[in-house]
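Let me begin by presenting the structure, written as structure tokens, before commenting on it.
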Ligand SMILES: [Zn+2]
Ligand SMILES: [Zn+2]
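Residue numbers (the working numbering), protein chains in the order written: chain W, 214 to 415; chain B, 214 to 415.
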């Protein structure tokens with residue numbers, strides 16, 4: 214069904230781009246665009262600026278794979294964190310969830326996804342080689358696989374476990390408490406903290 | 214409950230501003246920010262540009278009150294529209310809805326809200342004086358009050374009706390009835406009664 218254009222091309226383009234954000238459909242994108250235009254000074258101007266700064270400054274940490282304005286990121290550079298523990302997560306959103314929970318004071322490694330042969334995602338598509346390198350570099354005594362309790366997540370965990378065999382690192386995983394099929398980003402802080410405290414040997 | 218900061222101040226500010234958009238809460242704002250950062254070239258850069266253009270170019274039409282990149286707006290300047298009919302709406306979103314429906318080929322007048330004494334919204338807070346002026350200017354034969362069928366909307370409609378008394382314009386309002394595709398069982402009694410009273414020959 215053809216959609217009539219309701220506004221000039223500049224507004225239409227703003228609506229079209231906003232509709233690509235997760236959680237916003239075409240209708241809510243129109244509402245968001247209108248809200249931005251109405252709140253020009255309070256919202257549109259600062260958001261345009263924040264996005265411009267993000268474009269300029271935010272990149273991927275070459276060490277852990279998270280996003281930040283510095284490389285290495287603030288977490289990797291934080292000397293107060295336990296340098297001997299790496300928490301392996303699928304996605305930056307999971308790292309954020311663990312940091313929000315203040316569940317652990319260690320460093321991370323962001324895989325960027327899970328193994329999924331059906332989708333053509335192999336080990337070379339994830340940050341697995343760099344994880345092995347970090348562990349081979351020494352100084353890492355424990356790798357915590359904080360990976361979603363999905364089939365793909367657990368397949369990925371097993372693959373990483375195999376790759377780390379022979380290195381002097383303990384590989385652990387999150388305790389039961391993560392619902393089967395559940396995703397970290399949806400869990401409350403208490404559950405995340407408990408799951409980390411009760412982590413078990415892989 | 215204090216929320217731990219999970220990322221640098223630039224990312225936190227982006228998340229915080231995104232969370233002010235209608236339809237996005239704190240959680241979905243984080244997802245949106247991460248999505249933007251990951252899709253830097255495909256989404257963040259163009260959206261930042263589109264917002265910058267919006268900041269520079271988009272303003273309020275001094276004639277009808279809608280938002281556009283030109284003043285008067287494209288609709289007010291469109292010579293192919295019926296110049297003798299004004300459609301009065303509460304909000305730009307309503308104008309957009311009528312335009313999407315291609316419901317009428319006329320011009321609009323955006324009130325910018327409804328009368329609401331309890332919220333301190335009086336006639337002087339809405340674009341009512343400018344509506345009267347447009348009608349006094351001549352050339353307008355019909356004013357269609359396309360105002361929401363809420364108590365505030367109908368109060369506003371009556372107020373405008375009173376103000377237009379004595380001018381040579383017909384004031385009409387939208388028909389009440391069963392929405393196209395609507396199911397009787399879901400409609401309130403007022404709508405059903407109105408729809409029956411205004412029944413038309415099949
Ligand atoms: Zn890092
Ligand atoms: Zn206009």
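A virtual CB, placed ideally from N, CA and C, is assigned to each residue, including glycine. The model shown is predicted, which means the values in this text are computed figures rather than measured ones.
Collapsing the DSSP output to three states places residue 295/W in a strand. Nearest in C-alpha terms to residue 268/W, of all of 367/W, 232/W, 402/W and 280/W, is 280/W. DSSP, read as helix, strand or coil, puts residue 317/B in coil. At least 8 Å separates the CB of residue 293/W from every CB of chain B. In the three-state reduction of the DSSP assignment, residue 322/B falls in the strand class, which pools E and B. Look at residue 256/B here: in three-state DSSP terms it is helix. For the 8 Å CB-CB criterion, residue 278/B and residue 340/B form a contact. Judged by the Cβ position, residue 276/B qualifies as a neighbour of ligand 2 at the 7 Å threshold, a heavy atom of the ligand being closer than this.
The DSSP-derived three-state label of residue 281/B is strand.
For residue 385/B, no CB of chain W lies under 8 Å from its own CB, so it is not counted at the interface with that chain.
Annotated three-state conformation of residue 357/W is strand, per DSSP. For the pair of segments examined, the segment 250 to 261 of chain W was found not to touch the segment 352 to 371 of chain B: the number of CB pairs separated by less than 8 Å stays below three. Between residue 235/W and residue 241/B a beta carbon distance of about 7 Å is seen, short of the 8 Å cut, so the two are scored as contacting. Inter-residue distance for residue 344/B and residue 322/B is about 7 Å (C-alpha atoms, whole angstroms). DSSP places residue 364/W outside any beta strand (DSSP E); the residue lies instead in the alpha helix (DSSP H), whose first and last residues are 364 to 377. For residue 385/W, the enclosing beta strand (DSSP E) has its first and last residue at 383 to 386. Between residue 356/W and the set 282/W, 244/W, 298/W and 230/W, the nearest pair of CA atoms involves 298/W. Short of 7 Å from the beta carbon of residue 308/W, and not among the five residues preceding or following it, lie these beta carbons of its own chain, in chain order: 279, 302, 321 and 323. In the structure shown, residue 232/W falls within a coil segment according to DSSP collapsed to helix, strand and coil.
Taking CB atoms only, residue 408/B has no neighbour in chain W less than 8 Å away. Shortest gap from the CB of residue 282/B to any heavy atom of ligand 2: 7 Å or more. Put simply, the backbone Cα of residue 247/W is about 12 Å away from that of residue 273/B. Around the beta carbon of residue 264/W, a 10 Å sphere encloses 16 or more other beta carbons of the protein chains shown; the residue is thus reported as buried. Distance from the Cα of residue 382/W is smallest, within the candidate group 253/W, 346/W, 337/W and 407/W, for 346/W.
Looking at the DSSP output, residue 414/W sits in a beta bridge with 385/W. Note that the C-beta distance between residue 306/W and residue 409/W is not below 8 Å.
Contact annotation: residue 223/W and residue 266/B have beta-carbon atoms nearer than 8 Å.
The DSSP-derived three-state label of residue 352/W is coil. Ranked by Cα distance from residue 253/W, the options 271/B, 250/B and 244/B are led by 271/B.
Exclusion of residue 228/B from the 7 Å shell around ligand 2 follows from its C-beta lying no nearer than that to any non-hydrogen atom of the ligand. CA-CA distance, residue 282/W to residue 328/W, rounds to 28 Å.
Of all residues in the segment 236 to 260 of chain B, only 236, 237, 238, 240, 241, 242, 243, 244, 245, 246, 247, 248, 249, 250, 251, 252, 253, 255, 256, 257, 258, 259 and 260 come within less than 9 Å of chain W when Cβ atoms are compared, listed by chain position. Scanning its chain for C-beta atoms nearer than 8 Å, with the 5 sequence neighbours on each side dropped, one finds around residue 386/B the residues 357, 358, 359, 360 and 370, in chain order.
By alpha-carbon distance to residue 390/B, the top candidate from 379/B, 402/B, 380/B and 384/B is 402/B.
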